[in-house]
Structures are given as C-alpha cells and as structure tokens.
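For reference, the structure is listed below as structure tokens.
Number of protein chains: 2
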Amino acid sequence: MTEKLSPATFIGVGGSDIISFGSGQPDLPPPHEVFECIKDYKCFKYGPIPGQQNLREALAAQNPGFSFENFVVTNGASEALDLTLRAIAKPKDKIMLHVPYYYSYKPLVEMNHLEPSFVNTVEGKIDISDFEEKVHSVKAVLINSPSNPTGRVQGVKTLKFIEKMTRDLDITLISDEVYKDLIYERENYALSGPHIVTVNSFSKTFSMCGLRIGYLFSNDLSIVKKAVDIKTHTSMNTSIISQEMALAATRVPHKFVEQQVSVWRERRDTIYRGLLDLGLELWKPEGAFYVLPKIENSEQFVLDMFKKHKVITYPGEWFGAPGRVRFSYALDKEKIEQGLKRLGEYLKL
Amino acid sequence: MTEKLSPATFIGVGGSDIISFGSGQPDLPPPHEVFECIKDYKCFKYGPIPGQQNLREALAAQNPGFSFENFVVTNGASEALDLTLRAIAKPKDKIMLHVPYYYSYKPLVEMNHLEPSFVNTVEGKIDISDFEEKVHSVKAVLINSPSNPTGRVQGVKTLKFIEKMTRDLDITLISDEVYKDLIYERENYALSGPHIVTVNSFSKTFSMCGLRIGYLFSNDLSIVKKAVDIKTHTSMNTSIISQEMALAATRVPHKFVEQQVSVWRERRDTIYRGLLDLGLELWKPEGAFYVLPKIENSEQFVLDMFKKHKVITYPGEWFGAPGRVRFSYALDKEKIEQGLKRLGEYLKL
Numbered sequence: 000m001t002e003k004l005s006p007a008t009f010i011g012v013g014g015s016d017i018i019s020f021g022s023g024q025p026d027l028p029p030p031h032e033v034f035e036c037i038k039d040y041k042c043f044k045y046g047p048i049p050g051q052q053n054l055r056e057a058l059a060a061q062n063p064g065f066s067f068e069n070f071v072v073t074n075g076a077s078e079a080l081d082l083t084l085r086a087i088a089k090p091k092d093k094i095m096l097h098v099p100y101y102y103s104y105k106p107l108v109e110m111n112h113l114e115p116s117f118v119n120t121v122e123g124k125i126d127i128s129d130f131e132e133k134v135h136s137v138k139a140v141l142i143n144s145p146s147n148p149t150g151r152v153q154g155v156k157t158l159k160f161i162e163k164m165t166r167d168l169d170i171t172l173i174s175d176e177v178y179k180d181l182i183y184e185r186e187n188y189a190l191s192g193p194h195i196v197t198v199n200s201f202s203k204t205f206s207m208c209g210l211r212i213g214y215l216f217s218n219d220l221s222i223v224k225k226a227v228d229i230k231t232h233t234s235m236n237t238s239i240i241s242q243e244m245a246l247a248a249t250r251v252p253h254k255f256v257e258q259q260v261s262v263w264r265e266r267r268d269t270i271y272r273g274l275l276d277l278g279l280e281l282w283k284p285e286g287a288f289y290v291l292p293k294i295e296n297s298e299q300f301v302l303d304m305f306k307k308h309k310v311i312t313y314p315g316e317w318f319g320a321p322g323r324v325r326f327s328y329a330l331d332k333e334k335i336e337q338g339l340k341r342l343g344e345y346l347k348l
Numbered sequence: 000m001t002e003k004l005s006p007a008t009f010i011g012v013g014g015s016d017i018i019s020f021g022s023g024q025p026d027l028p029p030p031h032e033v034f035e036c037i038k039d040y041k042c043f044k045y046g047p048i049p050g051q052q053n054l055r056e057a058l059a060a061q062n063p064g065f066s067f068e069n070f071v072v073t074n075g076a077s078e079a080l081d082l083t084l085r086a087i088a089k090p091k092d093k094i095m096l097h098v099p100y101y102y103s104y105k106p107l108v109e110m111n112h113l114e115p116s117f118v119n120t121v122e123g124k125i126d127i128s129d130f131e132e133k134v135h136s137v138k139a140v141l142i143n144s145p146s147n148p149t150g151r152v153q154g155v156k157t158l159k160f161i162e163k164m165t166r167d168l169d170i171t172l173i174s175d176e177v178y179k180d181l182i183y184e185r186e187n188y189a190l191s192g193p194h195i196v197t198v199n200s201f202s203k204t205f206s207m208c209g210l211r212i213g214y215l216f217s218n219d220l221s222i223v224k225k226a227v228d229i230k231t232h233t234s235m236n237t238s239i240i241s242q243e244m245a246l247a248a249t250r251v252p253h254k255f256v257e258q259q260v261s262v263w264r265e266r267r268d269t270i271y272r273g274l275l276d277l278g279l280e281l282w283k284p285e286g287a288f289y290v291l292p293k294i295e296n297s298e299q300f301v302l303d304m305f306k307k308h309k310v311i312t313y314p315g316e317w318f319g320a321p322g323r324v325r326f327s328y329a330l331d332k333e334k335i336e337q338g339l340k341r342l343g344e345y346l347k348l
C-alpha cells in the first residue's frame with residue numbers, strides 16, 4: 000500500500016480541513032509587483048533559450064563576478080538540476096549526494112543513468128572523513144545548504160573544504176541554493192570557483208512556486224552552453240510571462256525578503272518547540288522551512304495522519320531517511336498549532 | 000565556421016531589417032482572450048504535476064475517447080517528446096524517425112542515450128517498404144504529420160498501415176501533431192489505439208510559442224504515469240499562468256483557427272509560387288508553414304543570406320536533409336515577398 004505514495008500524490012491536494020506539512024509551498028503571496036506587471040502583458044513569441052536578457056542581467060547584478068551570459072533561466076530549480084546533470088555527466092558517472100537528500104535528487108540521478116554516491120551526515124552536517132573517502136570516484140558533488148529536508152546549514156569550514164577539494168580534483172560542484180535567502184542562524188557562504196554550478200529559483204524566496212522560474216549559473220561557459228544546447232530541444236525558452244513576473248520580483252526592495260524571513264523564523268520556533276514538547280527527537284532547523292523528526296514506522300504514520308487526521312506529511316524514506324518524517328512549516332502559525340494538536344492526538348493513541 | 004550555426008543562434012534574434020524565414024514562430028498574435036484572462040490573475044502555488052484539471056478536461060473534450068487523466072500538460076511539445084522518450088525507452092533502444100525530421104528529434108533521441116533509426120521518404124512521404132524492413136528492431140516510431148520541415152502530410156493509407164503494424168508488433172507510436180490544425184490539402188487522420196502517444200501544443204495553432212504550453216495524451220495510463228513521475232523531478236508543474244492562458248485559448252470559437260488557416264494558405268501559395276518562379280525544386284507544402292527547397296551548399300547559403308542579405312533560413316543539415324534549406328513562412332505576405340526578392344538577388348549573383 001505504501002508503495003503508492005509519491006510526492007505527486009499530495010501536490011496540488013488541498014481543502015479547508017486539510018493541514019498540509021507536505022509540499023514546500025509558501026502560503027504567503029508573492030510581492031504585489033509580480034502581478035502588476037502582467038496587466039498589460041502582450042508578448043507571445045519564443046524568447047532566447049537561456050532566458051530573457053533583462054532577467055539574466057538582473058540576476059547577474061545580484062551575483063558579483065557574473066554577467067548575463069553565465070545564466071540559464073529554467074523551469075524551476077528542478078529543470079536547472081536536470082540540465083546540469085545532463086550537461087556534465089555520462090552514463091554510470093557517480094554523483095555525490097549528502098543524506099538525507101531532497102526527494103528529487105536520487106530519481107534525477109537515476110533517470111539520467113547516473114549513480115548516486117551517498118555521503119553521511121552527522122546531525123545533518125556532512126561527515127568530512129566520509130566525504131574525503133568517497134569524493135575521488137565521483138563526477139560531481141551536489142550540495143544543498145540550507146537543506147531540504149533537514150533545514151540544516153553546512154558549516155563555512157566544511158563548505159570551504161569541499162570547494163577546494165573538488166576544485167583540486169576537477170570535480171563539478173553543484174550548489175542547490177534555493178533556500179539561501181532563508182537562513183536563520185547565520186549568513187550563507189556562497190561557493191565560488193570555475194567548477195561551481197549554482198542552482199537557484201524564485202519559488203521559495205518570492206513565493207512563486209507555480210510560476211516555475213529557476214536558474215543556473217556558472218563561470219564555466221562550456222557547461223552553460225551545453226545546458227542551453229540541451230534545453231533547445233527539451234523545452235526551449237522558459238515561459239516568457241513567468242520570466243516577466245520574475246523580473247518584477249528582482250526589483251522588489253530587499254525588505255520584502257527580510258520580512259518573509261522573520262515570519263519563517265517565528266514559524267520555525269513554533270514547530271521546533273511544539274515537536275520537542277511532544278517528545279520527538281529532531282535537529283534544530285537553521286534555514287529553509289523543513290524539520291525532520293524521528294518517527295517510527297514513518298510510512299504508516301504518513302498514511303494514518305493523512306487518512307485519519309487530514310494532515311499531510313512526507314515519509315523520510317523519500318529523502319533517504321527512514322524512521323523520520325518531513326514537516327514543511329510553510330503555513331501560518333495557527334495551522335501549524337492545529338497540526339501539532341492533531342499530531343499530539345495521534346501520538347497519544 | 001558553419002559548425003557554429005545552431006537553432007539557438009537565431010532564436011530570439013530580430014530587428015526591423017531582418018527577414019526571418021527561420022523560427023516556426025507565427026507573427027499573428029494569439030486570440031485576445033488569452034491576455035484578458037490574466038488581468039486579475041493572482042495564483043502562485045504549485046499545481047498538479049500533470050497540469051491543471053480544468054485545462055486537461057478542456058483538452059479531453061476536444062479528443063473523444065479520452066478523459067483528463069490521459070493528459071499531461073508540458074513545457075511545450077518539446078518537453079512532451081522528451082518525457083515520452085524518457086518514459087518508454089531504455090539506453091540503446093532504437094527510435095524510428097522519418098527523414099527529413101524536425102531538428103530536435105535526433106538530439107532528443109541521442110541525449111536520452113537512444114539510437115535513431117532513419118526511414119526514407121519519397122517526396123516527403125514515408126517509404127513503406129523501407130518502413131517495413133526497419134520497424135521490427137525499433138522500440139518506438141515517431142510520426143510528424145504535417146511535417147516540420149517538409150510541410151508534407153502523410154497519406155491516410157500510410158498512417159493506417161503504420162498504426163496497425165506498430166500495434167501488432169507492440170511498438171509505441173508517437174504522433175507529433177503540433178501542426179494538425181494547419182492542413183491545407185485534406186483533413187488529418189488522427190492515429191488511435193492503445194499504443195499511441197499523441198503530442199500537441201498551443202504554440203502553432205494559437206500563436207503562443209513563448210508561453211510554452213504543450214501536452215501529451217495516451218490511452219496507455221502506464222506511460223502517462225511514468226511521464227508524470229519523471230516530470231515530478233525534472234520540472235514539476237508547467238507554469239500555472241501559461242496554463243491559464245491556454246485554457247482561455249480552448250474556449251475561443253473555432254472560427255479563429257479557420258481564419259488562421261486561410262492566412263497560412265495564402266502565404267503558402269505566395270512562397271510556393273515564388274520559389275518555383277526562382278527556379279527552385281521543392282515539394283508543395285500540404286500543411287504546417289515550412290517549405291524545404293533544394294539549394295546547393297546549403298550551410299554556406301544560410302550564412303551568406305544572414306550576413307549579406309539579412310535573411311534568416313535554416314540549413315537542411317539540421318533536418319537530415321543536406322542540399323536543402325528550410326524556409327518558415329510564418330510571416331506576413333509583404334515580408335515573404337521582400338525575402339523572395341532578396342533571395343532572387345542572391346541567386347542571380
């Protein structure tokens with residue numbers, strides 16, 4: 000029965016009485032500018048495959064040392080990751096993932112006929128000795144900090160070590176930074192170097208998930224060109240109206256993001272405290288909006304909570320973390336508290 | 000020098016003095032309803048991976064015998080084709096393409112680690128004896144009628160033969176029908192059966208190329224499910240605002256399409272007559288908006304016409320047709336005539 004559960008089971012599922020700790024979908028709307036810009040929108044023609052130049056220029060302005068030519072605008076970070084893997088690797092190459100990992104990573108690696116190489120973490124932090132042992136055999140390393148599903152942020156020392164070691168070994172370092180604007184505990188460290196491919200998106204920072212605007216950028220123009228060549232055939236330009244909306248988001252004052260972060264921090268505190276109070280064991284989230292407590296029989300728990308208590312959660316199995324369950328806290332404090340209450344009722348049984 | 004030419008070279012390239020017979024981008028705008036529906040648009044959340052249910056229901060209503068569950072809405076027909084190949088085949092499987100083929104087919108097959116199996120055509124029509132000889136070894140057959148780049152429509156007898164033979168051999172038959180609404184010579188024959196995957200899009204019929212809404216549908220729900228599973232990780236839902244615009248297009252009276260077709264037919268007549276008058280050898284286009292005359296040294300011709308005469312055309316090499324050049328006539332009659340004049344000047348040299 001549990002085999003039937005997949006992320007697609009829950010995406011887009013809703014209803015007034017359902018509490019969803021499932022999808023990483025912010026409930027707060029995007030900045031109003033994102034909708035204002037489309038009132039008189041009239042474009043309909045193909046755009047350049049790498050993305051509208053004005054959007055790429057705006058992204059370059061936010062990332063010192065890069066020009067618009069380093070960027071490819073994609074159908075969300077998902078396509079950016081898929082294109083990157085297709086661009087850099089050939090069948091049977093190994094891609095290193097730190098466990099627990101975002102649920103799409105393993106399927107993305109495998110559907111591209113690549114092999115995952117798993118590196119351990121300790122309380123969500125990469126185990127450097129395990130990394131050192133395994134890195135020599137891989138084609139690329141994929142880092143996700145802050146992490147979905149753990150909410151943990153890798154230490155600056157760790158990131159610098161990985162950055163240098165992959166560079167010395169001529170290994171591509173893919174940095175999935177979709178949550179880099181949502182860090183509560185310290186500032187992020189931006190990986191840099193000629194071997195880095197950075198993946199980001201408007202989905203989480205600007206609550207624009209459904210509009211599907213992500214991007215990748217790299218100093219390695221051969222990877223950028225290869226990604227564009229592939230995208231020419233697999234999807235062509237990313238939706239031009241979604242790109243226009245993303246452009247509007249780049250012009251929003253930074254205060255918007257700061258306000259979002261303060262809301263997220265409050266929610267983080269609510270759910271972290273609430274789960275601790277229910278006696279669950281968990282790591283404190285330092286960024287993103289996920290928490291991954293230990294829960295026995297996690298797949299059965301997810302099914303029961305959905306069917307009997309109308310609470311959506313995701314089993315740790317999808318993230319390489321059996322015996323844990325992912326809660327996204329991308330919903331308002333009242334609903335988080337209501338969800339915690341239903342969880343408390345379940346745990347008491 | 001010519002190696003540097005690729006479809007991405009020209010996409011999005013424009014300017015008042017350039018005549019582009021390049022991209023298959025209709026110049027006529029979409030129906031006004033497509034833009035009206037977004038004036039008060041406010042959605043931003045993830046949608047279901049297979050697409051918005053209202054859009055899939057509208058598509059099902061246009062295709063008797065199908066329900067919304069048979070459909071997946073995609074980032075253009077490109078993603079529909081990529082997903083289909085990823086869903087049905089494993090490395091080294093062979094995919095049959097009729098030559099000349101759309102320029103993305105060969106790269107799509109190869110980037111999925113599959114092998115193209117080319118079937119000959121005679122004046123753009125599939126050579127049935129060659130088909131019969133080669134079909135036994137392939138995993139899938141990809142039919143594109145009307146064809147980009149030839150504009151030719153496969154005969155009903157041929158289509159029925161291929162439909163039956165692939166069904167008997169348990170071979171998937173992928174029908175790329177993005178030009179099915181643009182047929183001048185006769186009505187199209189819709190392939191059907193449990194082994195068919197149909198690919199279509201809003202791009203050509205409704206001039207919505209840049210908005211990137213395509214779709215696939217099949218009676219084989221295992222293929223549909225597999226495509227959704229893949230899309231869950233490679234791009235998630237297709238842009239929800241682009242889908243809203245496509246939904247508006249489904250509600251436009253059929254007269255819109257009829258008017259478009261009458262414009263296309265007139266342009267077809269203009270360019271067909273014009274190229275014949277210039278002494279070129281070509282097949283009469285029966286659908287779509289392409290024509291593929293014989294032109295010697297086609298890659299050099301394309302470069303010269305672009306650099307010296309500011310006319311964009313695509314070399315036959317991209318379509319498996321060296322010694323020919325593709326002209327898209329998706330532009331107004333005056334520009335077609337001006338382009339023909341520049342071509343005449345070049346040919347006289």
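First to last, the sequence lines map onto chains P and U.
For the first sequence, numbering that gives the first Met the number 0 assigns the number 0 to the initial residue and increments by one for each residue that follows.
For the second sequence, numbering that gives the first Met the number 0 assigns the number 0 to the initial residue and increments by one for each residue that follows.
All C-beta atoms, glycine included, are put in the ideal place defined by N, C-alpha and C.
Model, not experiment: these values are computed from the prediction.
Within chain P, the C-beta atoms nearer than 8 Å to that of U/Y40 come from F34 and I37, in chain order.
Taking a 10 Å sphere around the C-beta of U/R85, we find 16 or more other C-beta atoms and assign the residue as buried. In this structure, U/G209 places its C-beta atom within 8 Å of the C-beta atom of P/N236.
Rounded to whole angstroms, the gap between the alpha carbons of U/A59 and U/G75 is 18 Å.
Rounded to the nearest whole angstrom, the C-alpha separation of P/A287 and U/L168 is 51 Å.
In this structure, the alpha-carbon of P/D331 lies about 14 Å from that of P/S206. DSSP, reduced to helix, strand and coil, places U/R250 outside both helices and strands of the structure shown, so it counts as coil. Those residues of the region 87-107 of chain U placed with their C-beta closer than 7 Å to a C-beta in chain P are P90, S103, P106 and L107, ordered along the chain. Separation of the CB atoms of U/I87 and U/K138 is rounded to 7 Å, and the pair is thereby assigned contact status at 8 Å. Chain U has no Cβ within less than 8 Å of the Cβ of P/F70. About 7 Å separates the beta carbons of P/V310 and P/L342, which is inside the 8 Å limit, making them a contact pair.
The C-beta of U/I170 comes no closer than 8 Å to any C-beta of chain P. Scanning its chain for C-beta atoms nearer than 7 Å, with the 5 sequence neighbours on each side dropped, one finds around U/P47 the residues N236, in chain order.
Taking CB atoms only, U/E176 has no neighbour in chain P less than 8 Å away.
Here U/T171 is bridged, per DSSP, to U/A139. When Cβ pairs closer than 8 Å are counted between the two stretches, the region 314-330 of chain U is seen to touch the region 279-295 of chain U, the count reaching three or more.
Beta-bridge analysis with DSSP links U/V310 to U/I18.
Beta-bridge pairing by DSSP links P/I212 to P/N74. With a cut-off of 8 Å on Cβ pairs, the region 61-70 of chain P is not in contact with the region 256-273 of chain P, counting fewer than three such pairs. Between U/F326 and chain P, the shortest Cβ-Cβ separation is not below 8 Å.
Among the CB atoms of chain P, none fall inside 8 Å of the CB of U/Q258. Straight across, the Cα-Cα distance linking U/Y104 with P/T269 is about 52 Å. Per DSSP, the unbroken alpha helix (DSSP H) holding U/V33 starts and ends at E32 to E35. Shown here for P/E162: same chain residues with a beta carbon closer than 7 Å to its own, the five before and five after excluded, namely L172, L190 and G192 in chain order. Taking the C-beta atoms as reference points, P/I142 is found no nearer than 8 Å to P/E285. The CB of P/P284 never comes closer than 9 Å to any CB in chain U; the least such distance is about 21 Å. Secondary structure at P/S200: strand, using DSSP grouped into helix, strand and coil. Annotation: P/E78 to P/L220 spans about 18 Å, alpha carbon to alpha carbon. Comparing alpha carbon positions, the residue from P/G338, P/E122, P/T231 and P/P29 closest to P/G273 is P/G338.
Within the same chain, V71 and V227 come within 6 Å of P/P49 by CB-CB distance, once the 5 residues on both sides are set aside. Taking the Cα positions, U/L277 is about 43 Å away from P/R55. Cβ-Cβ distances below 8 Å link P/G322 to K293, I294, E295, S297 and G315 in the same chain, with the five nearest sequence neighbours on each side left out; the list follows chain order. For U/P106, the enclosing alpha helix (DSSP H) covers residues Y104 to M110. Between P/S206 and chain U, the shortest Cβ-Cβ separation is below 8 Å. Of all residues in the region 222-243 of chain P, the ones placed with a Cβ closer than 8 Å to any Cβ belonging to chain U are V227, D228, I229, T231, H232, T233, S234, M235, N236, T237, S238, I239, I240 and S241, in chain order.
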